[in-house]
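J.: Please find one structure pasted underneath; my questions will follow.
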Amino acid sequence: GAGVSQSPSNKVTEKGKDVELRCDPISGHTALYWYRQSLGQGLEFLIYFQGNSAPDKSGLPSDRFSAERTGGSVSTLTIQRTQQEDSAVYLCASSWTAHYSGANVLTFGAGSRLTVL
Amino acid sequence: GESVGLHLPTLSVQEGDNSIINCAYSNSASDYFIWYKQESGKGPQFIIDIRSNMDKRQGQRVTVLLNKTVKHLSLQIAATQPGDSAVYFCAENRNNDMRFGAGTRLTVKP
Numbered sequence: 001g002a003g004v005s006q007s008p009s010n011k012v013t014e015k016g017k018d019v020e021l022r023c024d025p026i027s028g029h030t031a032l033y034w035y036r037q038s039l040g041q042g043l044e045f046l047i048y049f050q051g052n053s054a055p056d057k058s059g060l061p062s063d064r065f066s067a068e069r070t071g072g073s074v075s076t077l078t079i080q081r082t083q084q085e086d087s088a089v090y091l092c093a094s095s096w097t098a099h100y101s102g103a104n105v106l107t108f109g110a111g112s113r114l115t116v117l
Numbered sequence: 001g002e003s004v005g006l007h008l009p010t011l012s013v014q015e016g017d018n019s020i021i022n023c024a025y026s027n028s029a030s031d032y033f034i035w036y037k038q039e040s041g042k043g044p045q046f047i048i049d050i051r052s053n054m055d056k057r058q059g060q061r062v063t064v065l066l067n068k069t070v071k072h073l074s075l076q077i078a079a080t081q082p083g084d085s086a087v088y089f090c091a092e093n094r095n096n097d098m099r100f101g102a103g104t105r106l107t108v109k110p
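Structure (structure tokens):
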């Protein structure tokens, strides 16, 4: 597609329920990132996928969080047993791997706003 | 107006003035830096980038300065306009791993 698409754009759930957030990256982009942005805060890195390499999961805040990327394209971020502190905007971004090292412009989706009641 | 990045997350300037947004990055091995702009309700958008072998790069109304000695990055916006009101993030890249600073909220007063 023309841009990074995320769904749902808004999700309200009850504490303890599981949620899945979806990201469709730009076609051909090999790198995919998930970030979390709490109200008025900066971007907190969660997880990074690069091609067929093992993902960098170092930013996942707890074992309730997991993410998959199927076929090197679509990614799903799953939050199990949601807590109120999970309420945030979850942003997905994708990028090319440049021919020269270091250049990496991320294109972001509009985000999925999660509210845990 | 001038901010000190992570220690002053808000910056308010008059329309037409120049804005300077600062950012301290953490990793001396980072080789590429980007400034992003995030408007309310949207994802961050690319503004300008700079590689570590440069110390200055100019775009349309924006200039990025890089001081590797003190690991400092700044974004200068000339003749700030109301449409520049947003949160600005610096990001550092190392091995395609992009990490963001906390952001600075720029408010432009008419």
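Protein sequence lines correspond, in order, to chains A and B.
At position 33 of the first sequence the residue is numbered 33 (the working numbering), and the sequence of numbers has no breaks.
At position 50 of the second sequence the residue is numbered 50 (the working numbering), and the sequence of numbers has no breaks.
Where a beta carbon is used, it is the ideal one built from N, C-alpha and C, also for glycine.
Small disclaimer: the values here were computed from a predicted structure and weren't measured.
Taking 8 Å as the CB-CB limit, is A:Asp24 close to chain B?
T.: no
J.: Suppose you measure from the CA of B:Gly5 to the CA of B:Leu75; what does that come to, to the nearest Å?
T.: Because B:Gly5 carries a pLDDT of 35, less than 50, the predicted location of this residue cannot be relied on, and no value is offered for it.
J.: Just verifying my parser: in three-state terms, what is the DSSP assignment at B:Glu92?
T.: It is a strand residue.
J.: I want to verify the contact list: residues of chain B whose CB lies under 9 Å from the CB of A:Phe49, in sequence order.
T.: The premise fails here: A:Phe49 is roughly 11 Å from chain B at the closest Cβ pair, so nothing lies under 9 Å.
J.: What in chain A is Cβ-close to B:Gly83, meaning under 9 Å?
T.: Those within 9 Å of B:Gly83 in chain A number zero; the least Cβ separation is about 18 Å.
J.: What in chain B is Cβ-close to A:Tyr33, meaning under 7 Å?
T.: Per Cβ cutoff of 7 Å: Met98.
J.: Counting beta carbon pairs with one atom in the segment 32-39 of chain A and one in the segment 87-95 of chain A, are three or more of them shorter than 8 Å?
T.: yes
J.: Check the C-beta distance from B:Ala91 over to B:Phe33 and give it rounded, since I have them as a contact under 8 Å.
T.: Yes, B:Ala91 and B:Phe33 are in contact; Cβ-Cβ is about 7 Å, under 8 Å.
J.: Does any C-beta atom of chain A lie closer than 8 Å to the C-beta of B:Gly103?
T.: Yes, contact with chain A.
J.: Given a limit of 7 Å on CB to CB distance, which residues of the segment 23-44 of chain B reach chain A?
T.: Asp31, Tyr32, Ile34, Lys42, Gly43, Pro44
J.: Going along the segment 103-116 of chain A in order, which residues come within less than 8 Å of chain B, judged by CB to CB distance?
T.: Ala103, Asn104, Val105, Leu106, Thr107, Phe108, Gly109, Ala110, Gly111
J.: Give the secondary structure of A:Lys17 by DSSP, where H, G and I count as helix, E and B as strand, and everything else as coil.
T.: coil
J.: Excluding five sequence neighbours on each side, which residues of the same chain lie with their C-beta closer than 6 Å to the C-beta of A:Arg81?
T.: Gly16, Arg64
J.: Does DSSP put A:Thr97 in a helix, a strand or coil?
T.: coil
J.: Please tell me whether A:Gly42 has its Cβ less than 8 Å away from any Cβ of chain B.
T.: yes
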